[in-house]
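Q: Structure provided below as C-alpha cells; questions to follow.
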Amino acid sequence: MRTIQNQTFDEERVLYSSRDLLVKDCSFDGPADGESAFKECSNIQAEHSFFNLRYPFWHDHGLKISDSEMTPLCRAALWYSDHVEITDTKLHGIKALRECSDVKMRGCDIVSPEFGWSVCNIKMEDCTAESEYFMMRSTNLHFNNVRMKGKYSFQYIEDSVFENCVFDTKDAFWHAKNVVIRDSIVKGEYLAWYCENVTFENCKIIGTQPLCYCKGLKLINCEMIDCDLAFERSEVEAAITTPVLSIKNPLSGRITVPAVGEIIRDIPDANGDIVVTGQQKEQAAKPCFCA
C-alpha cells in the first residue's frame, strides 16, 4: 500500500481512480476548490485528515476513514460507495452519506441534514447525530448507543434494529416496516404514523399523538410519557407500564395500561380492547359514539 502523508490538495479529482492508498495527516482544502478527490477509487485509507471540499468519496469500494474531519463545506461526502468503515470522525456536511452499502460507523459525530438516504446495511455504534430526514428510505440498519436529535427521521426505513438509543426527533419512523426499537428513549411528536410491523420493547416513549394509523404494532413493557390521542386507527398489541393521557380509536388488538385519562371512541370501527389494570372504572373503556 502506497502512503501519502502531510500534504495539502485542492485540485479537481486529485487522486482519481487510486488503488491501495493510505493518506495520513493530509488536508483537502485550498484556493483551487477542486472536488471529487477520491472518485472511483478502491482500497483507500484516510487517517487524521481534513476535508473541506465537495464530494470527496464517490463510487469508492473498500474505504476506511478514521480520526478525521469533514467540515460543513464538505458536501455530499460519501455517495455510491460500499464496504465503508468510519471511526472517530466528524461528518458535518449536508448529505454526507447516500446510496452506500455495507457501512460501519463508530464513535462519529454527525451534523448533516439529509444524512444516510437509501443506504443498505449500516451498523452504527456510539455515535451522535443531528439531522433532518435522517436515514430516509434505508434498509438493514443496526444502531447501538446512538443519540440523535432532529426531525423527520427514519422515514420509510425497513428491516432494522435499534438498541440502547436516545432519539429526540419529531415525525420519526413514519411508514417504517419490520423494525424493532429496544431499550431506548424516543421523544417527539407524531411518532411512527403509518408504520407496519414495528415493535417497541422496554422503551420510553414521550410526546403527543404517537403511533397512529399503524399495522402490526407491538409495545412490550413500555413507558408512555405525555402521550395523548395515542393509537388512533391502529392495529396494536401493547403492554404499557405508565398512565396514558388519552387513547383514541384503536381499530383492533389489545392495550393494557395502568390508567388512562380519557378513552375516545367516536367511530364505529374502534374495536380494540383497552384493559385498565389500575383503579380506573370499567365504564371508562366503553364505546362512546359522538355525532
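In our numbering, the protein residues as written are 76 to 366. Note that beta-carbon positions come from the ideal geometry of N, C-alpha and C, so glycine has one too.
Pull up the CB-CB distance for Ile169 and Glu189, whole angstroms please, since I reckon it's below 8 Å.
A: Your numbering for residue 169 matches position 94 in the sequence shown. Your numbering for residue 189 matches position 114 in the sequence shown. Yes, Ile169 and Glu189 are in contact; Cβ-Cβ is about 6 Å, under 8 Å.
Q: Quick one: what's got a C-beta closer than 6 Å to Glu357's C-beta in the same chain, skipping five residues either side?
A: As a working note, residue 357 is residue 282 in the sequence shown. For Glu357, the pLDDT reaches just 36, beneath the cut-off of 50, and the residue's location in the model is therefore unreliable, leaving the point undetermined.
Q: Could you have a look at Asp135 and say whether DSSP puts it in helix, strand or coil?
A: Here residue 135 refers to the residue found at position 60 when the sequence shown is read from its first residue. The answer is coil: DSSP assigns Asp135 none of H, G, I, E or B.
Q: May I have the straight-line CA-CA distance separating Lys165 from Ala152, to the nearest angstrom?
A: Here the question's residue 165 lines up with position 90 in the sequence shown. Here the question's residue 152 lines up with position 77 in the sequence shown. Those two C-alpha atoms are separated by around 11 Å.
Q: I need the boundaries of the beta strand (DSSP E) containing His217, first residue and last residue.
A: Here residue 217 refers to the residue found at position 142 of the sequence shown. Unbroken beta strand (DSSP E) run through His217: 214-226.
Q: Report the start-end ranges of each alpha helix (DSSP H) in the region 223-274 that is 4 residues or longer and not cut off at the edges.
A: Those alpha helix (DSSP H) runs which fall completely within the region 223-274 and span 4+ residues do not exist here.
Q: Using only the alpha-carbon positions, how far apart do Trp192 and Val261 sit?
A: Taking the first residue of the sequence shown as 1, we reach residue 192 at position 117. Taking the first residue of the sequence shown as 1, we reach residue 261 at position 186. Approximately 21 Å, taken between the alpha carbons.
Q: Return the residue from the list Lys224, Pro343, Gly291 that minimises the CA-CA distance to Ile330.
A: Reading the sequence shown from its first residue, position 255 is the one you call residue 330. Per the Cα distances, Gly291.
Q: Exposed or buried, which one is Asn324 when buried takes at least 16 other CB atoms within 10 Å?
A: Translated into the one-based positions of the sequence shown, residue 324 becomes position 249. Asn324 is buried by the Cβ-count criterion.
Q: For Ala314, does the three-state DSSP call read helix, strand or coil?
A: Translated into the one-based positions of the sequence shown, residue 314 becomes position 239. Three-state result, Ala314: strand.
Q: With respect to the beta strand (DSSP E) encompassing Met299, which residues constitute its N-terminal and C-terminal limits?
A: One-based indexing of the sequence shown puts residue 299 at position 224. Its beta strand (DSSP E) spans residues 292-300.
Q: Roughly how far, in whole angstroms, is the beta-carbon of Cys287 from the beta-carbon of Ser309, given that I think they are within contact range, below 8 Å?
A: Within the sequence shown, numbered from 1, the residue matching residue 287 stands at position 212. Within the sequence shown, numbered from 1, the residue matching residue 309 stands at position 234. That belief holds up - the Cβ atoms of Cys287 and Ser309 are roughly 6 Å apart, short of 8 Å.
Q: Taking the CB atoms as reference points, tell me whether Phe103 and Phe132 lie closer together than 8 Å.
A: Residue numbering aside, residue 103 sits at position 28 when the sequence shown is read from its first letter. Residue numbering aside, residue 132 sits at position 57 when the sequence shown is read from its first letter. Cβ distance not < 8 Å, so Phe103 and Phe132 don't count as in contact.
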